[in-house]
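**Q**
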Amino acid sequence: MTMLHDPKRIYVFDTTLRDGEQVPGCQLSSIEKIEIGKALEELGVDIIEAGFPVSSPGDFNSVVELSKAIRGPIICALTRANKQDIDIAAESLKFAKHARIHTGIGASDMHIKYKFNSTREEILERAVSAVKYAKKFVEDIEFYAEDAGRADPIFLAQMVEAVIAAGATVVNIPDTNGYCLPDQYGQKIRFLMENVKNIDRAILAVHCHNDLGLATANTIAGIQNGARQVECTINGIGERAGNTSIEEVAMILKTHHSLGLHTNINSKKFYDISRMVSRMMNMPVQPNKAIVGKNAFAHSSGIHQDGVLKHRENYEIINPEDVGIPRSDIILTARSGRHALKHHLERLGYILERIDLEEVYHRFLEMADLKKDLNDEDILLLMGDGCEKNYIDGVKIKLLQVICGDPFNPMATVKLDVNGQEQEASATGNGPVDATIKAIHQIIGKDISLNEFQIQAMHGGSDDISRVNMRVSFNNRNYDGYGFSTDIVKASANAYLDALNKIT
Ligand code: KIV
Ligand code: ZN
């Protein structure tokens, strides 16, 4: 794909599946990579770095499979500056509709001396030869000048000019060690824009690491000074302290119109893809992570809660719906006021006219003194598991029977009261909960998918109460359900029905 040089367009290069996947414990199967790749395509990224094919047969295979499965974005494979790496990358990309080879070598004196035991002249030659060799296979060649953040700007400019002359279409200026300050990095990009004679024949890319927590700031400084490709990962995952996070960069550009720059990203997909990557890579998202953290739109102090409820923008610069979160979360704590409690009760489906708010508020404060913050399940417990809820008139359980254990195949029979009519179904599953959900689903028959499922014991002990949270989606909207019981199958069925009953 030839990049059209709209001067205000920022190309998004996602490296979740390469730099992100290098994190210990985050390795993915090819199938998982394809699932993430498809989600990245829907998100609207321009380039997907699919792997480092020479590093292992598994990585090679992932690039092959992603090349077959993804037809929109460019598929990119990483190499070092040598023929064998480039041969293998070219082979792995042979099914790609739009292929790019990303080759490169160290540019700082530190890397030249202590990594390659070489000289600037020799490194320059190797860089140029690698680009020329890669160009025999594909038209689109990106060159990375590793550790450019610490490289001498004059030598870096020489290198950039030489690789562009050799055929590089994109030149990546990585701050490999997350060393630069935003103004230093910005000046480095500006220096290249102003001093590399053939710079109009290529795009400069920024690739920042987060060792000092400056990856996003440096990326923004880079594009303010002329770079037009940003290299990022979902949730900012990556080596050590991570890479620049895609959601932060995209939302900065969206929030600050004055920058006059835009991407092709559909930010409404952020929350779902963030959770998908976190789940598949076993990498929790820190609660205070900008944009996608659990607390990113949660307000806990009474003053903020009151302010948000009066006018959301008092305390929110981004509408949570713009990043795929249906609403702001008001966290209830001992400092919360009646306004916030009322808001939660209404959201959970309680009819306020039937409730003595003063009495509930009094009980709420007692509970809040015992527990740091109260979530939806606590409120349901406080209210006696929802006997006043106004939505439990749709579907109710009349009978639930499960058979499971060795050597039986888990099977569930469910009888539901659906708006006054009894309906029954049986299903098998890979466990008693799965069988129960499938049996309920058979009766309901809507195109509902279960996206999140959590079981939590309240106190410990085999006689404990389990609380189950489920999130289902229907017609592109999410619905949360909660269930409580000493029987985890019953708690799960209750949670599923609770969510279904919220679908209007
Ligand atoms: O951080 C870095 O320098 C890299 C290169 C391989 C592009 O990831
Ligand atoms: Zn990197």
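Take the sequence shown: its position 227, counting from 1, is numbered 231 in the working numbering, and each next residue is one higher. Using N, Cα and C, we set each Cβ at its ideal position, and we do this for glycine too.
Should residue 75 be labelled buried (16 or more other beta-carbon atoms within 10 Å of its own) or exposed?
**A** As a working mapping, residue 75 is identified with position 71 in the sequence shown. Exposed, by the Cβ-count rule.
**Q** Are the beta-carbon atoms of residue 334 and residue 313 separated by less than 9 Å?
**A** The residue given as residue 334 occupies position 330 in the sequence shown. The residue given as residue 313 occupies position 309 in the sequence shown. In this structure, residue 313 lies closer than 9 Å to residue 334 by Cβ.
**Q** Does the region 300–320 come within contact of the region 74–91, defined as at least 3 CB pairs closer than 8 Å?
**A** no
**Q** Between the beta-carbon of residue 112 and the beta-carbon of residue 84, is there less than 9 Å?
**A** As a first step, residue 112 must be located in the sequence shown, where it is residue number 108. As a first step, residue 84 must be located in the sequence shown, where it is residue number 80. The Cβ atoms of residue 112 and residue 84 do not sit closer than 9 Å to each other.
**Q** Around the C-beta of residue 375, are 16 or more other C-beta atoms found within 10 angstroms, so that it is buried, or is it exposed?
**A** Here the question's residue 375 lines up with position 371 in the sequence shown. Under this definition residue 375 is an exposed residue.
**Q** So which of 51, 412 and 91 has the shortest CA-CA distance to residue 102?
**A** Indexing the sequence shown from 1 puts residue 102 at position 98. The candidate whose alpha carbon is nearest that of residue 102 is 51.
**Q** According to DSSP, is residue 105 part of a helix, a strand, or is it coil?
**A** By 1-based counting over the sequence shown, the position of residue 105 is 101. Three-state DSSP puts residue 105 in a strand.
**Q** Would you mind reading off the limits of the alpha helix (DSSP H) that contains residue 287?
**A** For this step, residue 287 is matched to residue 283 along the sequence shown. Neither: residue 287 is in no alpha helix (DSSP H) and is coded neither H nor E.
**Q** Given this structure, state the Cα-to-Cα distance separating residue 65 from residue 466, to the nearest angstrom.
**A** The residue labelled residue 65 in the question sits at position 61 within the sequence shown. The residue labelled residue 466 in the question sits at position 462 within the sequence shown. Taking the straight line joining both Cα atoms gives about 46 Å.
**Q** Look at the alpha carbon of residue 213 and the alpha carbon of residue 27, and state the distance between them as a whole number of angstroms.
**A** By one-based count along the sequence shown, residue 213 stands at place 209. By one-based count along the sequence shown, residue 27 stands at place 23. Going from the Cα of residue 213 to the Cα of residue 27 covers about 13 Å.
**Q** Measuring alpha carbon to alpha carbon, tell me which of 266, 322 and 501 ends up nearest residue 418.
**A** As a first step, residue 418 is located in the sequence shown; it is residue number 414 there, counting from the start. When only C-alpha atoms are compared, the closest one is 501.
**Q** What is the rounded straight-line gap between the Cα of residue 147 and the Cα of residue 43?
**A** As a working note, residue 147 is residue 143 in the sequence shown. As a working note, residue 43 is residue 39 in the sequence shown. Cα-Cα distance, rounded: 26 Å.
**Q** Please name the residue or residues paired with residue 15 in a DSSP beta bridge.
**A** One-based indexing of the sequence shown puts residue 15 at position 11. DSSP, once it has assigned bridges, lists 233 as partnering residue 15.
**Q** Kindly confirm or deny that the region 86–104 and the region 119–127 touch, where touching means at least three C-beta pairs closer than 8 Å.
**A** no
**Q** Roughly how many angstroms separate the alpha carbons of residue 68 and residue 268, rounded to a whole number?
**A** As a working mapping, residue 68 is identified with position 64 in the sequence shown. As a working mapping, residue 268 is identified with position 264 in the sequence shown. Straight-line Cα distance between these residues: approximately 25 Å.
**Q** Classify residue 432 as helix, strand or coil using the three-state DSSP reduction.
**A** Translated into positions along the sequence shown, residue 432 becomes position 428. Looking at residue 432 - three-state DSSP - the assignment turns out to be strand.
**Q** What did DSSP end up calling residue 390 once you bin it into helix, strand or coil?
**A** Translated into the one-based positions of the sequence shown, residue 390 becomes position 386. With a pLDDT of only 38 at residue 390, under the threshold of 50, the placement of this residue in the model should not be trusted; the figure read from the coordinates follows. Coil, per DSSP.
**Q** Buried or exposed: where does residue 229 fall if 16 or more other Cβ atoms within 10 Å of its Cβ makes it buried?
**A** As a working note, residue 229 is residue 225 in the sequence shown. Buried, because 16 or more other Cβ atoms sit within 10 Å of the Cβ of residue 229.
**Q** Leaving out five residues on either side along the sequence, give the residues of the same chain with a beta carbon under 7 Å from the beta carbon of residue 257.
**A** Position 253 of the sequence shown, counting from 1, holds the residue named residue 257. Answer for residue 257: 14, 263, 265, 266 and 267, listed in chain order.
**Q** From the DSSP output, in three-state form, read off residue 46 for me.
**A** Taking the sequence shown and counting its residues from 1, one reaches residue 46 at position 42. Reduced to three states, the DSSP call for residue 46 is helix.
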